[in-house]
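Chemist: For reference, the structure I am asking about is given below.
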Amino acid sequence: MLVELVCLLLMLTLVGDIFLGVFSRYVMQATFPWYDEVARLCFVWMIFLGAAVAVRRGTHFRVHLFVDRLAPRAQRVVEVVVTLIVMAFGLVLVAGGLRMAPIAHRQLTDALELSMLWFYAALPVGGALMVVFAVPHLARAWRRR
Numbered sequence: 723m724l725v726e727l728v729c730l731l732l733m734l735t736l737v738g739d740i741f742l743g744v745f746s747r748y749v750m751q752a753t754f755p756w757y758d759e760v761a762r763l764c765f766v767w768m769i770f771l772g773a774a775v776a777v778r779r780g781t782h783f784r785v786h787l788f789v790d791r792l793a794p795r796a797q798r799v800v801e802v803v804v805t806l807i808v809m810a811f812g813l814v815l816v817a818g819g820l821r822m823a824p825i826a827h828r829q830l831t832d833a834l835e836l837s838m839l840w841f842y843a844a845l846p847v848g849g850a851l852m853v854v855f856a857v858p859h860l861a862r863a864w865r866r867r
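Be aware that the sequence shown starts at 723, since it is given in the working numbering, and climbs by one per residue.
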């Protein structure tokens, strides 16, 4: 899947960037001024895209110890409720990210002079993907009711 591939590329970029940062600091005795901004950008995007991948796989947070002890009908109800909560959280991320966009667009990072919109855009993108990926889970859980 494309989102997982993007997460993999972000992880590889993050590892390479951190390696360069550590190498430059401890071997070359000078540091690249941009490596921490690249690392932060990769990390932020990995978090929100990774959360969407977790929703797609159905591995988002839930307390299996508690849910597994419920009756099958109650388990399905919990699954519907949890999926709705995940979707609501995704919508909160979308709304919050869109609300931050005008402010973030005017701010620049120090070293690369990138718009902070590149950082804050991860919120609505990840939130929207969480909602989209949760819809099939909700439909499946709803049909089993």
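Glycine residues also receive a C-beta, built at the ideal position from the N, C-alpha and C atoms.
What residue range is occupied by the uninterrupted alpha helix (DSSP H) comprising L763?
Modeler: Residue 763 sits at position 41 when you count from the first residue of the sequence shown. Start and end: Y757 to R779.
Chemist: So for L851, helix, strand or coil by DSSP?
Modeler: Your numbering for residue 851 matches position 129 in the sequence shown. Here L851 sits in helix by DSSP.
Chemist: Which residues in the same chain as M768 place their Cβ atom closer than 8 Å to its Cβ, once the five residues preceding and following it in sequence are excluded?
Modeler: Counting from 1 along the sequence shown, the entry for residue 768 is found at position 46. These residues qualify, in order along the chain: C729, L732, M733 and L736.
Chemist: For L727, report the span of its alpha helix (DSSP H) as first-last.
Modeler: Translated into positions along the sequence shown, residue 727 becomes position 5. Note, L727: alpha helix (DSSP H), L724 to Y748.
Chemist: Give every residue of the same chain whose Cβ lies closer than 8 Å to the Cβ of L763, excluding the five residues on either side of it in the sequence, and list them in chain order.
Modeler: Residue mapping note: residue 763 aligns to position 41 of the sequence shown, counting from 1. Around L763: L836, W840 and F841.
Chemist: R828 lies in the alpha helix (DSSP H); which residues open and close that run?
Modeler: In the sequence shown, counting from the first residue as 1, residue 828 sits at position 106. DSSP places R828 inside the alpha helix (DSSP H), whose first and last residues are P794 to R828.
Chemist: Hey, M852 and V777: beta-carbon distance below 7 Å or not?
Modeler: Residue 852 sits at position 130 when you count from the first residue of the sequence shown. Residue 777 sits at position 55 when you count from the first residue of the sequence shown. Against a cut-off of 7 Å, the Cβ pair of V777 and M852 comes out as a contact.
Chemist: Please report how far the alpha carbon of L771 lies from the alpha carbon of A856, in whole angstroms.
Modeler: If you number the sequence shown from 1, residue 771 lands on position 49. If you number the sequence shown from 1, residue 856 lands on position 134. L771 and A856: Cα-Cα distance of roughly 14 Å.
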